[in-house]
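J.:
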Amino acid sequence: MATVSKLLLLLLCSYYSLIAHAGEHSSYITGSVKTEAVCSEPKASPSSSDGGTVTLHHRHGPCSLLAPTKATPTMEEILLSDQLRASNIQRKLSGATDGTGGAQELEATLPTTLGTALETLQYVINVSIGTPAVSQTVMIDTSSDVSWVHCKPCSPCHSQVDPTFDPSMSSTYSAFPCSSAPSAQLGAGCSSSQCHYIVRYLDGSNTTGTYGSDTLTLGANVITGFQFGCSRTGTGLDGDKTAGLMGLGGDVQSLVSQTAGTFGRVFCWRRSRANTRMRLIAR
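Those letters in the sequence shown? Residues -22 to -1, 1 to 261, per mature numbering (1 follows the signal peptide of the UniProt record, and there is no 0), in order.
Next up, the structure:
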């Protein structure tokens, strides 16, 4: 009898899946992906002998270090944001730069000619940059390559929960010159004889500044010479209190590529109702 019941349930789910697909919508059971209402940090960190482990926090979850700036989105809105990001990644992989059937948010249609939309990013991690190390809460994005943090001097400075990184106070920071390989790879020109970067996002926001390197502390791992952007100016970046963004894409500027010698270009994350962890796996 139990087998028959399971078969009927499977057929019923398949039927509703076909109906949803025919209407160009996807149906989800959201209860299975909701996080706990109370923060529950892992009691012990796994051994870092075979890689690096960092705890991910949902930006609207109970463990988030970010002060809420607006109403917490519903689970349906979060899933729709994930769909937007997936659509953008597919366009990026296919090399498309334009489209007529762009995914829609609940209130507006986003353009399809730029990178990912910052509002669709759901998870943040805590890293440290510089010597001495400065704690920074940053978004993670698997469809972006250039990592960046807000830097001093800035006028006005971005409102964030962490201290704004000041490269002049770090003994290990170095800006790339115009003649450097990273400057040629970015192709964004120079400013005051230093490598310049600019990243534009799907929602119209952007960040510009100096591209350099410094020591990055990621969990128990210390990565020297990590390349990132020092954001001096930007638009549309005031929607949250993050200090910047960590790019996990596949290009040479991404965290995954920069740590290939240590972690073998492999990362994954394990999710539970209580917490989520990202692991960079050593070869």
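Every residue, glycine too, gets a C-beta built ideally from N, C-alpha and C.
Going by CA-CA distance only, name the one from T213, G222, T220 and V105 that's closest to R178.
T.: As a position in the sequence shown, residue 178 is number 200, starting the count at 1. Per the Cα distances, T213.
J.: Please report the Cβ distance between A153 and T188, rounded to the nearest whole angstrom; I am assuming they are in contact, meaning their Cβ atoms lie under 8 Å.
T.: Within the sequence shown, numbered from 1, the residue matching residue 153 stands at position 175. Within the sequence shown, numbered from 1, the residue matching residue 188 stands at position 210. Between T188 and A153 the Cβ distance is about 5 Å, and since that is below 8 Å, they are a contact.
J.: At 4 residues or longer, and completely inside the region 179 to 208: list those alpha helix (DSSP H) runs for me, N to C.
T.: Within the region 179 to 208, no complete alpha helix (DSSP H) run reaches 4 residues.
J.: From what residue to what residue does the alpha helix (DSSP H) around G239 run?
T.: As a working mapping, residue 239 is identified with position 261 in the sequence shown. Counting along the chain, the alpha helix (DSSP H) containing G239 begins and ends at A238 to F241.
J.: Quick one: residues in its chain with C-beta nearer than 7 Å to the C-beta of L194, no 5 flanking neighbours on either side, listed in chain order?
T.: As a first step, residue 194 is located in the sequence shown; it is residue number 216 there, counting from the start. For L194, where only same-chain residues beyond five positions count, the Cβ hits under 7 Å are V105, I107, I201 and F204.
J.: Starting from L164, trace the alpha helix (DSSP H) both ways and give me its first and last residue.
T.: Here the question's residue 164 lines up with position 186 in the sequence shown. Per DSSP, L164 belongs to the alpha helix (DSSP H) from A159 to L164.
J.: Taking a contact to mean a Cβ-Cβ separation below 8 Å, would you say V32 touches L233 in this structure?
T.: As a position in the sequence shown, residue 32 is number 54, starting the count at 1. As a position in the sequence shown, residue 233 is number 255, starting the count at 1. No, they are not a contact pair.
J.: Taking L223 as part of the beta strand (DSSP E), name the residues at either end of that continuous run.
T.: To locate residue 223, count along the sequence shown from 1; it is residue 245. Taken as a continuous stretch (DSSP letters only), the beta strand (DSSP E) holding L223 covers G222 to G225.
J.: So the candidates are Q114, T237, F241 and G165; which of them puts its Cα closest to the Cα of T142?
T.: Within the sequence shown, the letter at position 164 stands for residue 142. Of the listed residues, the one whose Cα sits closest to T142 is Q114.
J.: Span of the beta strand (DSSP E) holding Q114?
T.: What you label residue 114 is simply residue 136 of the sequence shown in a count that begins at 1. That run of the beta strand (DSSP E) goes V112 to D119.
J.: Using CA coordinates, which residue listed in Y175, D140 and L34 is at the minimum distance from D123?
T.: Here residue 123 refers to the residue found at position 145 of the sequence shown. Ranking the options by Cα distance to D123, first place goes to Y175.
J.: Quick one: grab the DSSP three-state call for V105.
T.: Reading the sequence shown from its first residue, position 127 is the one you call residue 105. Residue state, collapsed to three classes: strand.
J.: What residue range is occupied by the uninterrupted beta strand (DSSP E) comprising residue 262?
T.: No answer is possible for residue 262: the residues shown for the chain start at -22 and end at 261.
J.: Would you tell me roughly how many angstroms separate the C-alpha atoms of T211 and V244, rounded to the nearest one?
T.: Stepping through the sequence shown from its first residue, residue 211 is reached at position 233. Stepping through the sequence shown from its first residue, residue 244 is reached at position 266. Those two C-alpha atoms are separated by around 32 Å.
J.: Taking C-beta to C-beta, are C173 and P155 nearer than 8 Å?
T.: For this step, residue 173 is matched to residue 195 along the sequence shown. For this step, residue 155 is matched to residue 177 along the sequence shown. In this structure, P155 lies closer than 8 Å to C173 by Cβ.
J.: Which residue from T240, L34, V116 and A162 puts its Cα closest to that of Q138?
T.: For the purposes of this step, residue 138 is identified with residue 160 of the sequence shown, where counting begins at 1. Measuring from the Cα of Q138, the nearest candidate turns out to be V116.
J.: Which residues in the same chain as F140 place their Cβ atom closer than 7 Å to its Cβ, once the five residues preceding and following it in sequence are excluded?
T.: Walking along the sequence shown from the start, residue 140 turns up at place 162. It is worth fixing the name first, because residue 140 is Asp in this sequence and not Phe. Answer for D140: S113, Q114, T115 and A221, listed in chain order.
J.: Could you name the residues that DSSP lists as bridge partners for Y175?
T.: For the purposes of this step, residue 175 is identified with residue 197 of the sequence shown, where counting begins at 1. In the DSSP output, where bridge partners are listed per residue, Y175 has G187.
J.: Does the Cβ-Cβ distance between G207 and Y151 come in under 8 Å?
T.: The residue you call residue 207 lines up with position 229 of the sequence shown. The residue you call residue 151 lines up with position 173 of the sequence shown. Contact flag unset, no.
J.: My understanding is that D192 touches S148, with C-beta atoms under 8 Å, so please give their C-beta distance in whole angstroms.
T.: Indexing the sequence shown from 1 puts residue 192 at position 214. Indexing the sequence shown from 1 puts residue 148 at position 170. D192 to S148, Cβ: 6 Å. Contact.
J.: Assuming the contact rule is C-beta atoms closer than 8 Å, V127 and S235 should be a hit. Round their C-beta distance to whole Å, please.
T.: Translated into positions along the sequence shown, residue 127 becomes position 149. Translated into positions along the sequence shown, residue 235 becomes position 257. Not a contact, Cβ separation roughly 18 Å.
J.: Please state whether DSSP places V234 in a helix, a strand or coil.
T.: The sequence position of residue 234 within the sequence shown is 256, counting from 1. DSSP places V234 in helix when its eight states are reduced to three.
J.: Drop a sphere of 10 angstroms on the beta-carbon of S121, count the other beta-carbons inside from all chains shown, and report buried for 16 or more, exposed for fewer.
T.: If you number the sequence shown from 1, residue 121 lands on position 143. Buried.
J.: Please state if the CB of D144 and the CB of L226 are separated by a distance shorter than 8 Å.
T.: Indexing the sequence shown from 1 puts residue 226 at position 248. Indexing the sequence shown from 1 puts residue 144 at position 166. Against a cut-off of 8 Å, the Cβ pair of D144 and L226 comes out as no contact.
J.: For the candidate residues G228, L223, S171 and A159, whose alpha-carbon lies nearest to that of S183?
T.: Residue mapping note: residue 183 aligns to position 205 of the sequence shown, counting from 1. The residue with the shortest Cα to Cα distance from S183 is L223.
J.: What is the rounded straight-line gap between the Cα of L34 and the Cα of C246?
T.: For the purposes of this step, residue 34 is taken as residue 56 along the sequence shown, with counting starting at 1. For the purposes of this step, residue 246 is taken as residue 268 along the sequence shown, with counting starting at 1. Using only the alpha carbons, I get a separation of about 12 Å.
J.: What is the rounded straight-line gap between the Cα of A238 and the Cα of S146?
T.: Here residue 238 is taken as the residue at index 260 of the sequence shown, counted from 1. Here residue 146 is taken as the residue at index 168 of the sequence shown, counted from 1. Rounded to whole angstroms, A238 to S146 spans 28 Å at the Cα level.
J.: Whose C-alpha, out of A166, S158 and L215, is nearest the C-alpha of C135?
T.: One-based indexing of the sequence shown puts residue 135 at position 157. Ranking A166, S158 and L215 by Cα distance to C135 puts L215 first.
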